[in-house]
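Sequential numbering of the sequence shown, starting at 114, is according to this note's numbering. For each residue, glycine too, the CB sits at the ideal point set by N, CA and C.
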Amino acid sequence: MTRRAVVTGLGVLAPTGIGTKAYWAAALDGRSGLGPMTRMDPSGYPIKVIGEVRDFVPGDLLPSRVVVETALMTQYGLVCADEALRDGELDPAEQPEYEMSVVTANATGGAEFGQREMQNLYSKGPSQVGAYMAIAWFYAANSGQISIRHGMRGPSGVFITDQAGGLDCVGQARRVIRNGSTFALSGGTDSSFSPSGLVGQIPPGLVSLSTDPDRAYLPFDVAAHGYTPGEGGAILLVEEAASAQARGVRPYGEIAGYATAFDPHPRTGRGPNLRRAIEGALADARTAPQDVDVVFADGYGVPRLDRLECEALAGVFGPRGVAVTLPKTATGRMYAAGPTVDLVAALLSLRHGVIPSTLNVTDVSPDCPVDLVLGDPREARVRTALVIARGYNGFNAAVVVKAVA
């Protein structure tokens, strides 16, 4: 019998709140975390509105030694991992170290850490560059630091597939559970609000340049004009189902299906593959489209990309054939962190029977024939949820989560 992977712990750090309870309360209350930059002077940059994590003091949550040697993205991951373990009532010190894995995702690296050290190099000389420069900026630092902190030595890794990575890493976590690990900490974290991190987001021309937080990020809306970048993290405690049952822990849901697909180069003339990823995840979960209760969409906020996503959804579910929501309109697109945060929201929807709404969108585009949840959260019997994500330059991923009977 195939080993099943369930989620028994959640950890979230988002622009709308630090901790899962704070994030979920804000999602249901319709509170936004979008606003002007406070961490740096935005006057020289066209991007004015972001989803920034405020009131985060790493020294209050992590040992000072760890703070010194890590970038903000890793600090987010460590804090989220701690919360997921507490939520799942798991003490890693009591478990076999080679049966615990760590699989994370990251898109932008430790931008602010790397910039600070390079500034020290150019202005003060090589003796002022910290020893941790060699590792703190690196994408794999999150998996490494989490595994060191908790003594997790099972099969581990990192995904660098932009926004889609937040689902790819969870799909890999399910794989390592099926292959013998008992536990896996998995999710995405990102923070890129430093001059070097911010300037790299401008050239593709996809970021919203609005100065109004309420109108900056409007996916599927007739007024959509780009996405608002965000930061944060989410880590899931993924566990083999029999282990969760033996420990007496109630799962939030099962990771029932996962698939990924890559878009062909535009010069080939072939269309995008988001629909293929969706259908692959449903097939993997042995789930028919009519059995899906809600879709947590990707929502680029760029009209042509929104249209492609809505075409994929309509092709699979039929026009307005399933409830669709975009709670990330309150946080911005958090790169690798965003889809894992959406997974948290999906799992909480399974548990509480309510779908969070899409904030600020008021006039759904005719190009988007979807049943978008607007206004108040929608109470519903949610047994199966689909989460989808797209990354820059063609990454597509989809995950199906189901309630555990």
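Output yes or no for whether 8 Å exceeds the beta carbon distance between residue i and residue j.
i, j, result
"glycine 370", "valine 170", "no"
"alanine 127", "glycine 345", "yes"
"alanine 337", "aspartate 419", "yes"
"threonine 129", "arginine 144", "yes"
"valine 429", "isoleucine 501", "no"
"methionine 231", "threonine 302", "no"
"glycine 122", "aspartate 204", "no"
"leucine 350", "valine 415", "no"
"isoleucine 273", "leucine 191", "no"
"glutamate 84", "phenylalanine 296", "In the structure as shown, the chain starts at 114 and stops at 518, and residue 84 therefore has no counterpart that could be examined."
"glycine 267", "serine 294", "yes"
"methionine 447", "proline 308", "no"
"valine 435", "aspartate 334", "no"
"alanine 498", "aspartate 406", "yes"
"isoleucine 160", "isoleucine 315", "yes"
"serine 177", "valine 289", "no"
"leucine 198", "glutamine 188", "no"
"proline 364", "alanine 355", "no"
"aspartate 168", "isoleucine 131", "yes"
"tyrosine 505", "proline 379", "no"
Please identify the residue among the options whose C-alpha is closest to the C-alpha of residue i.
i, options, result
"glycine 146", "Glu225, Gly267, Gly301, Asn473", "Asn473"
"glutamate 225", "Gln241, Thr151, Trp250", "Trp250"
"glycine 393", "Arg262, Ala511, Leu174", "Ala511"
"glutamine 265", "Gly227, Gln208, Gln241, Ala220", "The sequence given here places methionine at residue 265; glutamine does not occur at that position. That would be Gln208, whose Cα lies nearest to the Cα of methionine 265."
"serine 156", "Pro239, Val312, Leu234", "Val312"
"aspartate 489", "Asn506, Thr471, Arg503", "Thr471"
"glutamate 210", "Arg380, Ile261, Pro364", "Ile261"
"arginine 291", "Gly270, Gln228, Glu353, Ser305", "Glu353"
"serine 462", "Val289, Phe306, Lys515", "Lys515"
"arginine 433", "Leu460, Gly445, Pro402, Val457", "Pro402"
"aspartate 376", "Val457, Arg503, Glu196", "Arg503"
"glycine 384", "Arg363, Gly507, His263", "Gly507"
"alanine 329", "Ala518, Asp168, Asp480, Lys441", "Lys441"
"threonine 115", "Pro379, Arg287, Ala220", "Arg287"
"lysine 134", "Ala458, Val517, Ala518, Val242", "Ala458"
"leucine 487", "Asp142, Gly132, Tyr505, Tyr136", "Asp142"
"glutamate 196", "Ala220, Tyr505, Tyr136, Ser304", "Tyr136"
"glutamine 228", "Val271, Ile368, Ser305", "Ser305"
With respect to the alpha helix (DSSP H) encompassing residue i, which residues constitute its N-terminal and C-terminal limits?
i, result
"aspartate 275", "Note, aspartate 275: premise wrong, no alpha helix (DSSP H); not H, not E."
"leucine 174", "171-174"
"proline 308", "308-312"
"phenylalanine 333", "Unbroken run through phenylalanine 333: none, as it is neither H nor E."
"glycine 148", "Segment 147-149 is the beta strand (DSSP E) holding glycine 148; no alpha helix (DSSP H) there."
"leucine 387", "387-397"
"leucine 60", "Missing from the structure shown is residue 60; the chain here goes from 114 to 518 and no further."
"alanine 247", "246-249"
"arginine 262", "254-263"
Locate the beta strand (DSSP E) running through residue i, then write down its first and last residues.
i, result
"glycine 366", "366-375"
"methionine 213", "213-218"
"isoleucine 348", "345-353"
"aspartate 303", "296-303"
"phenylalanine 508", "508-515"
"glycine 180", "Note that residue 180 is valine in the sequence shown, not glycine. No beta strand (DSSP E) contains valine 180, which is instead part of the alpha helix (DSSP H) from 177-181."
"proline 164", "Note that residue 164 is glycine in the sequence shown here, rather than proline. Here the beta strand (DSSP E) through glycine 164 covers 162-164."
"phenylalanine 430", "Element bounds for phenylalanine 430: not the beta strand (DSSP E) but the alpha helix (DSSP H), 416-430."
"isoleucine 315", "First-last for isoleucine 315: undefined, no H or E at that position."
"phenylalanine 226", "No beta strand (DSSP E) contains phenylalanine 226, which is instead part of the alpha helix (DSSP H) from 224-237."
"threonine 453", "Threonine 453 -> not in any beta strand (DSSP E); alpha helix (DSSP H) instead, spanning 450-465."
"leucine 185", "Counting along the chain, leucine 185 falls outside any beta strand (DSSP E), though it belongs to the alpha helix (DSSP H) covering 185-200."
"alanine 436", "436-438"
"glycine 124", "118-127"
"arginine 503", "497-504"
"phenylalanine 409", "407-409"
Our contact map puts residue i next to residue j with C-beta atoms below 8 Å; I'd like the distance itself, whole angstroms only.
i, j, result
"leucine 485", "valine 437", "5 Å"
"alanine 194", "glycine 124", "6 Å"
"glycine 164", "proline 332", "Wrong, their Cβ atoms sit about 14 Å apart, outside the cutoff."
"glutamate 422", "alanine 410", "6 Å"
"glycine 366", "valine 120", "6 Å"
"valine 162", "proline 149", "7 Å"
"alanine 374", "aspartate 397", "Contact doesn't hold; Cβ gap of about 12 Å is too wide."
"asparagine 509", "leucine 387", "5 Å"
"alanine 443", "alanine 139", "7 Å"
"tyrosine 252", "glycine 222", "6 Å"
"serine 269", "serine 256", "5 Å"
"tyrosine 340", "tyrosine 245", "The pair is not a contact, with the Cβ atoms about 32 Å apart (cut-off 8 Å)."
"asparagine 449", "alanine 254", "For clarity, residue 449 is alanine in the given sequence; the question names asparagine instead. Contact doesn't hold; Cβ gap of about 13 Å is too wide."
If contact is defined by three or more beta carbon pairs under 8 Å, each pair taking one atom from either stretch, is the segment 178-186 in contact with the segment 316-329?
Per the Cβ contact rule, the segment 316-329 is not in contact with the segment 178-186 (fewer than 3 Cβ pairs under 8 Å).
Using 8 Å as the Cβ pair cut-off and three pairs as the minimum, do the segment 277-296 and the segment 450-460 touch?
Short answer: they touch.
Would you check if the segment 458-478 and the segment 487-503 touch, i.e. whether three or more CB-CB distances between them fall below 8 Å?
The segment 487-503 vs the segment 458-478: in contact.
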